[in-house]
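J.: Below is the structure I would like to discuss, written out as structure tokens.
Numbering (the working numbering), first residue to last: 971 to 1045.
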């Protein structure tokens, strides 16, 4: 069994947010360029699956992972 990082809840102040925005908002990445590259390189997962769409609409409860850190979308 692998040790996974704890999931950090990140309130977004609404019901939906795009994946690229969330990565910066949650502090997983610090710039749009890094977000674009990380997503294009398949380094970001949503609910355990790689997603290559920076504009993907995330819903409350979705879990985004990058480099071992995990953040859950909260309204």
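We put the CB at the ideal spot given by N, CA and C, even for glycine.
Starting from residue 974, follow its DSSP beta bridges and name the residues at the other end.
T.: The residue given as residue 974 occupies position 4 in the chain shown. In the DSSP output, where bridge partners are listed per residue, residue 974 has none listed.
J.: Could you tell me which whole beta strand (DSSP E) segments of length 3 or greater appear in the segment 992–1023?
T.: Whole beta strand (DSSP E) segments, 3+ residues: 1014–1016.
J.: Pull the bridge partners of residue 981 from the DSSP assignment, please.
T.: Numbered from 1 along the chain shown, position 11 holds the residue referred to as residue 981. Partner(s): 1044.
J.: Give a yes or no on whether the C-beta atoms belonging to residue 1025 and residue 988 are separated by under 7 Å.
T.: Sequence index remark: in the chain shown, residue 1025 carries index 55 (1-based). Sequence index remark: in the chain shown, residue 988 carries index 18 (1-based). Their beta carbons are under 7 Å apart, which means residue 1025 touches residue 988 by this criterion.
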